[in-house]
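Participant: Quick note on the working numbering: the sequence shown kicks off at 6 and runs consecutively.
Sharing a structure, written as structure tokens. Questions coming.
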Amino acid sequence: MAEVSFEARLERMFADAPAMADAELFAVRAQDRLERGWNARRVLIGAMGVAGGLVGSAQVLGAGATGHLEALGAESNAFLTRHLQLWLPAGVAADSRIVWMALALAAVGVGLGLARAIREI
Numbered sequence: 006m007a008e009v010s011f012e013a014r015l016e017r018m019f020a021d022a023p024a025m026a027d028a029e030l031f032a033v034r035a036q037d038r039l040e041r042g043w044n045a046r047r048v049l050i051g052a053m054g055v056a057g058g059l060v061g062s063a064q065v066l067g068a069g070a071t072g073h074l075e076a077l078g079a080e081s082n083a084f085l086t087r088h089l090q091l092w093l094p095a096g097v098a099a100d101s102r103i104v105w106m107a108l109a110l111a112a113v114g115v116g117l118g119l120a121r122a123i124r125e126i
């Protein structure tokens, strides 16, 4: 079993490490290496995300989802046009594209508001 005095002296020696002459240079070099690694990781993650998005898009388009989405879009446009006619005065033309554009702009506004709120936190 080790002696208590030796262990205490050893702990003191490691606790009071001498300052190296090039400590600041070492810290700057280590920080540069860490930042360089993150830039490479960001580029790699972005490239993998783009590749994954392309593969996913090819899979969705190959499965015939566009025809199904077009049919759903036509049904929803007809539904909105019918219901808009009930609320609008006679003689005013109802177009569902106006509603979809308003909803898209509202979604963009909410997204920008959330981005601003997150940045403030």
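All C-beta atoms, glycine included, are put in the ideal place defined by N, C-alpha and C.
Since this is a predicted model, take the numbers as computed values, not measurements.
Please report the straight-line C-alpha distance between Glu29 and Glu125, rounded to a whole angstrom.
Facilitator: 33 angstroms
Participant: Ignore the nearest five residues each way along the sequence and tell me which others in Ser101's own chain have a CB closer than 6 angstroms to its CB.
Facilitator: Asn82, Leu85, Thr86
Participant: If you draw a straight line from the C-alpha of Pro94 to the C-alpha of Ala52, how long is it?
Facilitator: 52 angstroms
Participant: Three-state secondary structure (DSSP) at Asp37?
Facilitator: helix
Participant: Output the distance between the C-alpha atoms of Gln90 and Ala99, rounded to the nearest integer angstrom.
Facilitator: In a straight line, the C-alpha of Gln90 is about 6 angstroms away from that of Ala99.
Participant: I need the DSSP call for Val115, collapsed to helix, strand or coil.
Facilitator: In the displayed model, Val115 falls within a helix according to three-state DSSP.
Participant: For Gly114, collect the residues of the same chain with a Cβ closer than 6 angstroms to its Cβ; drop the 5 residues on either side in sequence, then sort them by chain order.
Facilitator: Same-chain partners within the cutoff: there are none.
Participant: What are the boundary residues of the alpha helix (DSSP H) that Met18 is part of?
Facilitator: 9-20
Participant: Looking at the secondary structure, which residues open and close the alpha helix (DSSP H) in which Leu89 lies?
Facilitator: Taken as a continuous stretch (DSSP letters only), the alpha helix (DSSP H) holding Leu89 covers 70-92.
Participant: Identify whether Ala65 lies in helix, strand or coil by the three-state DSSP scheme.
Facilitator: Here the sequence assigns Val to residue 65, which means Ala is not the residue at that position. Helix at Val65.
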